[in-house]
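K.L.:
Those letters in the sequence shown? Residues 383 to 423, per this note's numbering, in order. What follows is a single structure, and I will ask about it in a moment.
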Amino acid sequence: MERVYADLIQKGLKTIDDVPERLRDKVRELLKTAESGGGNE
383 MERVYADLIQ KGLKTIDDVP ERLRDKVREL LKTAESGGGN E
């Protein structure tokens, strides 16, 4: 679910405020990894 939110945020369809609080830390990590060019999936 975190990946879905991260993708929607990257597309501009959601903001971090739309993410349930319990998922926000993980979503932030995913976004930070994506920004730095990472992506070990």
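Virtual Cβ for every residue (Gly too), placed ideally from N, Cα, C. Please read all numbers here as calculations on a predicted model, not as lab measurements.
Restricting to Cα atoms, I'd like to know which of 403, 387 and 404 is closest to residue 396.
P.N.:
Looking up residue 396 in the sequence shown gives position 14. Taking only the C-alpha atoms, the option nearest residue 396 is 387.
K.L.:
Let's see if you can read the secondary structure: which residues bound the alpha helix (DSSP H) around residue 386?
P.N.:
Taking the first residue of the sequence shown as 1, we reach residue 386 at position 4. Note, residue 386: alpha helix (DSSP H), 384-392.
K.L.:
Does DSSP classify residue 395 as helix, strand or coil?
P.N.:
Along the sequence shown, one-based indexing puts residue 395 at 13. Coil at residue 395, not helix or strand.
K.L.:
Since residue 409 is in the alpha helix (DSSP H), which residue starts that stretch and which ends it?
P.N.:
Here residue 409 refers to the residue found at position 27 when the sequence shown is read from its first residue. For residue 409, the enclosing alpha helix (DSSP H) stretches over residues 403-417.
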